[in-house]
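Report on one structure; see the data block that follows.
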Amino acid sequence: MVETLSIAVIGAPGVGKTSIIRQFIYNDFSEVYTPTRTRYVYRPSVILNGNMYELKILDVPPISSFPSSSSQEWLDLRCRGVRNANAYILVYDICCVESFEYVKMIRQQIVEHREGSSSEVPILVVGNKRDLQRQRFMPRRAVSVLVKKTWKCGYVECSAKFNWHVVLLFKELLGIAVARGLRQNHTSIRLQGALQRNRCTIM
Ligand code: GDP
Ligand code: MG
Numbered sequence: 002m003v004e005t006l007s008i009a010v011i012g013a014p015g016v017g018k019t020s021i022i023r024q025f026i027y028n029d030f031s032e033v034y035t036p037t038r039t040r041y042v043y044r045p046s047v048i049l050n051g052n053m054y055e056l057k058i059l060d061v062p063p064i065s066s067f068p069s070s071s072s073q074e075w076l077d078l079r080c081r082g083v084r085n086a087n088a089y090i091l092v093y094d095i096c097c098v099e100s101f102e103y104v105k106m107i108r109q110q111i112v113e114h115r116e117g118s119s120s121e122v123p124i125l126v127v128g129n130k131r132d133l134q135r136q137r138f139m140p141r142r143a144v145s146v147l148v149k150k151t152w153k154c155g156y157v158e159c160s161a162k163f164n165w166h167v168v169l170l171f172k173e174l175l176g177i178a179v180a181r182g183l184r185q186n187h188t189s190i191r192l193q194g195a196l197q198r199n200r201c202t203i204m
């Protein structure tokens, strides 16, 4: 029995969403910026604490807001699957305050627009480009306290460029999701193809 977890990766353009995902799955990084124009789905498998999970990672192209209704989600192809994701990774660039403001807005909208107990969905805020930390706009400790204590989200800093803390952030998110009862919400039996070469990460 393999459990499936859909994770939507959202953030302002250029913060490193695609780089984080590609580093996680393919150990690959490109200095050249290729803007993501359409929604892209990656389906790696991971093993955490001896259990296998199939991830459905949505690389979400820039959206002006979190879809406020199912119809809005269906009208805008970029948002497909975003409302019903099992977990969110909200990425910002530690050197760009506007990208943090964007994450703040999306976090607020997730809480407002998802109904009932589903508003308590796991959210991990990720500060990327840690290798450029001399240019950061706010000390790590201050952001971490704000995000964890006030927003009640997880917080990790990483560098997609140097593959630093990239596995850790997925491990952290999966850990939160499993602790919150992923088991009851989402099960499937799709073992076939799960262990393709380069697509299974043991965390
Ligand atoms: P996206 O628009 O959020 O998907 O951003 P991309 O993943 O396409 O990355 C945007 C640009 O930032 C690219 O030129 C990447 O090479 C660069 N980039 C991504 N992650 C890092 C990082 O950790 N450190 C540095 N220095 N550059 C990064
Ligand atoms: Mg992208």
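Just so we're on the same page, the numbering used here is the position in the sequence shown counted from 1, plus 1. Glycine residues also receive a C-beta, built at the ideal position from the N, C-alpha and C atoms.
(1) By the three-class DSSP mapping on this structure, what secondary structure does Glu74 have?
(2) Would you mind working out which of Ile58, Ala88 and Arg141 sits nearest Val98, comparing C-alpha positions?
(3) Entirely within the stretch 95-168 and at least 4 residues each: give me those alpha helix (DSSP H) ranges in chain order.
(4) Just to confirm the assignment, what range does the beta strand (DSSP E) spanning Ile8 have?
(5) CB Pro68 to CB Arg44, shorter than 8 Å?
(6) How is Ser20 classed by DSSP in three states: helix, strand or coil?
(7) Count the other CB atoms, across all protein chains shown, that sit within 10 Å of the CB of Lys150; report buried if there are 16 or more and exposed otherwise.
(8) Give the list of continuous alpha helix (DSSP H) stretches no shorter than 4 residues that lie fully inside the stretch 22-68.
(9) Count the other CB atoms, across all protein chains shown, that sit within 10 Å of the CB of Leu59; report buried if there are 16 or more and exposed otherwise.
(10) If we call anything under 8 Å between Cβ atoms a contact, is Gly17 one with Lys130?
(11) Hey, Ala9 and Val61 are a contact pair by Cβ (cut 8 Å); roughly how many whole angstroms apart?
(12) Is the closest heavy atom of the ligand MG to the C-beta of Asp29 under 7 Å?
(13) Roughly how many whole angstroms lie between the Cα atoms of Ile203 and Leu170?
(14) In whole angstroms, what separates the C-alpha of Gly194 from that of Val3?
(15) Give a yes or no on contact between the stretch 155-169 and the stretch 12-31, applying the rule of three or more CB pairs nearer than 8 Å.
(16) Is the separation between the beta-carbon of Ser125 and that of Glu173 shorter than 8 Å?
(17) Checking 8 Å against the spacing of the C-beta atoms, do Val63 and Pro14 come in under that value?
(18) Identify the residues that DSSP records as bridge partners of Leu91: which are they?
(19) In chain order, what residues of the same chain have a beta carbon less than 7 Å from the beta carbon of Glu158, not counting five sequence neighbours either side?
(20) Using the beta-carbon count (16 or more within 10 Å), is Asn87 buried or exposed?
Let's see:
(1) Here residue 74 corresponds to residue number 73 of the sequence shown, with the count starting at 1. Here Glu74 sits in helix by DSSP.
(2) Numbered from its first residue, the sequence shown carries residue 98 at position 97. For the residues Ile58, Ala88 and Arg141, the minimum Cα distance to Val98 belongs to Arg141.
(3) 98-114 and 141-146
(4) The count along the sequence shown starts at 1 and reaches residue 8 at position 7. Segment Glu4 to Gly12, the beta strand (DSSP E) holding Ile8.
(5) For the purposes of this step, residue 68 is taken as residue 67 along the sequence shown, with counting starting at 1. For the purposes of this step, residue 44 is taken as residue 43 along the sequence shown, with counting starting at 1. No.
(6) Working through the sequence shown from its first residue, we reach residue 20 at position 19. DSSP places Ser20 in helix when its eight states are reduced to three.
(7) Translated into positions along the sequence shown, residue 150 becomes position 149. So Lys150 counts as exposed.
(8) none
(9) One-based indexing of the sequence shown puts residue 59 at position 58. It is buried - the Cβ of Leu59 has at least 16 other Cβ atoms within 10 Å.
(10) For the purposes of this step, residue 17 is identified with residue 16 of the sequence shown, where counting begins at 1. For the purposes of this step, residue 130 is identified with residue 129 of the sequence shown, where counting begins at 1. Yes, they are a contact pair.
(11) Counting from one through the sequence shown, the residue named residue 9 turns up at place 8. Counting from one through the sequence shown, the residue named residue 61 turns up at place 60. 6 Å between Cβ atoms; contact.
(12) Residue 29 sits at position 28 when you count from the first residue of the sequence shown. Result no, Cβ not under 7 Å from the ligand MG.
(13) Taking the first residue of the sequence shown as position 1, residue 203 is located at position 202. Taking the first residue of the sequence shown as position 1, residue 170 is located at position 169. Taking the straight line joining both Cα atoms gives about 13 Å.
(14) The sequence position of residue 194 within the sequence shown is 193, counting from 1. The sequence position of residue 3 within the sequence shown is 2, counting from 1. Confidence at Gly194 is low in this model, with a pLDDT of 37, below 50, so the placement of that residue should be treated as unreliable; the coordinate-derived value is given next. So the two alpha carbons sit approximately 12 Å from each other.
(15) yes
(16) For this step, residue 125 is matched to residue 124 along the sequence shown. For this step, residue 173 is matched to residue 172 along the sequence shown. Looking at the sequence shown, residue 125 is not Ser but Leu. Yes; because the gap between Cβ atoms is below 8 Å, this pair is in contact.
(17) Indexing the sequence shown from 1 puts residue 63 at position 62. Indexing the sequence shown from 1 puts residue 14 at position 13. In the sequence on display, residue 63 carries Pro and not Val. Yes, they are a contact pair.
(18) Here residue 91 refers to the residue found at position 90 when the sequence shown is read from its first residue. Partner(s): Ile11 and Val126.
(19) The count along the sequence shown starts at 1 and reaches residue 158 at position 157. Closer than 7 Å at the Cβ level, and outside the excluded window around Glu158, lie Ile95, Gly128, Arg131, Arg141 and His166.
(20) As a working note, residue 87 is residue 86 in the sequence shown. Answer is buried; the Cβ neighbour count reaches 16.
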